[in-house]
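To keep things clear, I will list the structure first and then write my remarks on it.
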Ligand code: SAH
Ligand code: SF4
Ligand code: F3S
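Numbering (our numbering), first residue to last: 592 to 1067.
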C-alpha cells in the first residue's frame, strides 16, 4: 500500500523472515459492539506484517490485547477483572523467562488510558480506537521496555494506514463480514460515552469502502454488514461528484458480483433519509432488517436524553419504512431508569413497543457514565426500580420476538449457510431477518444460499427443511 507508514514499511515480509520459523502469537479478546469485532480483525491484520499469527489459546500468546467497551459500568469493570488474571499469568511466565506483552485497546483505553497504566502495572500498552494503525510500532516500543499510551485523535486517516483484509485470512473468517464505513458520533445523547471514546463523526470515502468490499467478496464473503456508530449518518461523494448518502452507497455495493446480501447497523432515527428508505424497496440484496434504537417512548425522557425526536415521530418513521418494505423486521435498543423516569414515562415506552412490534431488541438499565451530562442530572432511579422495569419491558419484548418467530413458521425463505450446526450434518444460516436457522445440510455447503421452509422455532433460533437451490444465486 502506498500509504504505509515508515513503521509498516520497516516490518515488511523480508524484515520479519528470520522470525518465520517460530511465529509469534497474538490473542485478542473482544468486548462490546460489532465495531470492536471489526477493529480486532484489522489489528490482527496489521500485526501479521510483523509475523504475528492470531491464536484462540491464551496460554500460547506472546501478545494479549483486550479490545474493550466502555458503554456501561459493567462492561468497563470486566477489563480490570480480566487484567488480574493476566497479571498472574505474566508473572508465572516471567519466572520461565518467557515474555507476555499486554495491551488494552478500544473504548476503555480511550476513556481511562492513564488510569489503566496507573492501576495495572502489568499493562504494557494502551491504544485508543483512532490510533490502531500505530499498534505494530507500539508493540515494538513496549517490547523494548516502554509503557506506551496512544490515545490522541490521530490526524492521519487510520483506515488508509491499516491493511485491508487479505484473501487467505478472509476465507478463514467465514462468509459474512463487517465493514466499518463510519466512525464516531456528534449526537451527544446525554447517557452515552461514544462521542468521547470514538471521537467525532467521520465517514470513509466511497472508493476505499468499495475496494474493501470487493476484497472481502474475493475472499469468499457473501454478506457484508456496514458498520457505524451512526451508520446512516454516513455521507460521501460519488464518482460523479454528487453527494451520496448510505442509500446510494448500498446501491453501489449491490453492484458487486458475488455479493449476495447487505445489512447495516446501527441507525439513528434522525438520519433515516428518503434515499435509505427507498433502498429497502429497490435493492433486492438489502436484507429486510433495521436496527433503529429509540431508547425511550416518553417525549420528556427523549428530550432529556437529547435524542431530538419524539415518540410519535419515531412511530411515523417506522410506518413510512413499512409502507416501502412491509416485510421488514424492526429491532431496537431501550434504556430503563434514565434519571427522572417516572412510572408514566416507563408506560410510554411500553406503549411504543406495543405500537411498533419488535422482532428483536436489546434493553439495559441506565448506567451512570462519568463525564456524561446524564451523570450530573437529578432524579437518579433506584436499582430495584430499574430492575423491575427492565423485567417488565423484557417480558414484553420477548413475547414480541416469539410472536415474530412463530409467524415465520411455514414461510419459504432464502438461507445463507454460515457454519456447522450442533448436530452432525446440520448447518446454521441466517434468515433475511437475522434469525439463526438450523437445517440438515443435504449436500449444501457453507456459503450457499438455499431455499428452505421454516418448520419450527427454538429458544433463539428456527428450524427449517431445505426445499431446493436458488439457481440464480448458486455459484454467483
Ligand atoms: N448509536 C446507537 C447506540 C450505540 S450504543 C444509537 O444512537 O442508537 C448501544 C446501546 O447501548 C444504546 O443504544 C443504548 O441503548 C445503550 N447504552 C448506551 N449508553 C448507555 C448507558 N449509559 N446505560 C445503559 N445503556 C446504554
Ligand atoms: Fe451514543 Fe447517542 Fe451517539 Fe448513539 S447517537 S452513539 S447513543 S451519543
Ligand atoms: Fe462499547 Fe465502544 Fe462499541 S463503548 S459499544 S465498544 S463504540
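A virtual CB, placed ideally from N, CA and C, is assigned to each residue, including glycine. Small disclaimer: the values here were computed from a predicted structure and weren't measured.
Check                                                                                                                                                                         : Outcome
Using a threshold of 8 Å, state whether the C-beta atoms of residue 822 and residue 788 are closer than that.                                                                 : no
Is the region 967-974 touching the region 984-996, taking contact as three or more C-beta pairs under 8 Å?                                                                    : no
Closer than 7 Å by C-beta to residue 602: which residues in its own chain qualify, once you throw out the five before and the five after it? Chain order, please.             : Reliability of the predicted coordinates at residue 602 is poor, the pLDDT of 34 falling under 50, and no value is obtained from them.
To the nearest angstrom, report how far apart residue 682 and residue 648 are at their CA atoms.                                                                              : 18 Å
Tell whether a beta-carbon distance below 8 Å holds between residue 629 and residue 669.                                                                                      : no
Could you check the C-alpha separation between residue 883 and residue 1013 for me, to the nearest Å?                                                                         : 31 Å
Could you give the C-beta distance for residue 999 and residue 1041, rounded to a whole number, given that I count them as a contact under 8 Å?                               : About 16 Å separates the two Cβ atoms, so there is no contact after all.
Under a Cβ-count criterion, where at least 16 other Cβ atoms within 10 Å of its own Cβ denotes burial, should residue 782 be classed as buried or exposed?                    : buried
Ligand 1 and residue 821: does the residue's C-beta get closer than 7 Å to at least one heavy atom of that ligand?                                                            : yes
In angstroms with no decimal places, state the Cα-to-Cα distance between residue 604 and residue 760.                                                                         : Because the pLDDT of residue 604 is 38, which lies under 50, any placement of that residue in the model is unreliable, and the number read from its coordinates should be weighed accordingly. Their backbone Cα atoms lie some 16 Å apart in a straight line.
Is it the case that the region 798-814 contacts the region 774-781, given that we only count it when at least three CB pairs across the two stretches are under 8 Å?          : no
DSSP three-state call for residue 629: helix, strand or coil?                                                                                                                 : helix
Taking the beta strand (DSSP E) that residue 880 falls in, what are its first and last residues?                                                                              : 880-882
Write down every uninterrupted run of the beta strand (DSSP E) in the region 833-894 whose length is 3 residues or greater and which is fully enclosed by it, in chain order. : 834-836, 852-856, 880-882
How about the region 884-892 and the region 923-938: do they share at least three Cβ pairs that are nearer than 8 Å?                                                          : yes
Answer yes if the region 722-742 comes into contact with the region 692-712, meaning at least three C-beta pairs across the two stretches below 8 Å, and no otherwise.        : yes
Between the region 974-992 and the region 899-919, do at least 3 Cβ pairs fall closer than 8 Å?                                                                               : no
Check whether the Cβ of residue 624 lies closer than 7 Å to any heavy atom of ligand 2, and answer yes or no.                                                                 : no
Just verifying my parser: in three-state terms, what is the DSSP assignment at residue 673?                                                                                   : helix
Please classify residue 788: does DSSP put it in a helix, a strand, or coil?                                                                                                  : helix
Taking the C-alpha atoms as reference points, what is the distance between residue 709 and residue 885?                                                                       : 38 Å
In this structure, does DSSP put residue 820 in helix, strand or coil?                                                                                                        : coil
Please state the DSSP three-state secondary structure of residue 826.                                                                                                         : strand
So, helix, strand or coil for residue 608, using DSSP?                                                                                                                        : In this prediction, residue 608 has a pLDDT of 45, which is less than 50 and means its spatial position is unreliable; nothing more can be read from the coordinates.
Would you identify the three-state DSSP class for residue 643, choosing helix, strand or coil?                                                                                : strand
In terms of alpha-carbon separation, which member of 660, 665, 754, 765 lies closest to residue 718?                                                                          : 660
Measuring CA to CA, which of 837, 947, 755 is closest to residue 804?                                                                                                         : 755
Which of the three DSSP states is assigned to residue 766 in this structure?                                                                                                  : coil
At a cut-off of 7 Å, is residue 857 close to ligand 1 when judged by its beta-carbon and the heavy atoms of the ligand?                                                       : yes
Classify residue 1033 as helix, strand or coil using the three-state DSSP reduction.                                                                                          : coil
Which residues bound the alpha helix (DSSP H) around residue 750?                                                                                                             : 749-752
Do you know whose CA, among 928, 984, 826, lies nearest residue 952's CA?                                                                                                     : 984
Please classify residue 802 as buried or exposed, where buried requires at least 16 neighbouring CB atoms within 10 angstroms.                                                : exposed
Is the Cβ-Cβ distance between residue 957 and residue 926 less than 8 Å?                                                                                                      : yes
With a 10 Å radius around its C-beta and 16 neighbouring C-beta atoms as the bar for buried, classify residue 1051 as buried or exposed.                                      : exposed
Measuring only the C-alpha atoms, how far is residue 784 from residue 961?                                                                                                    : 9 Å
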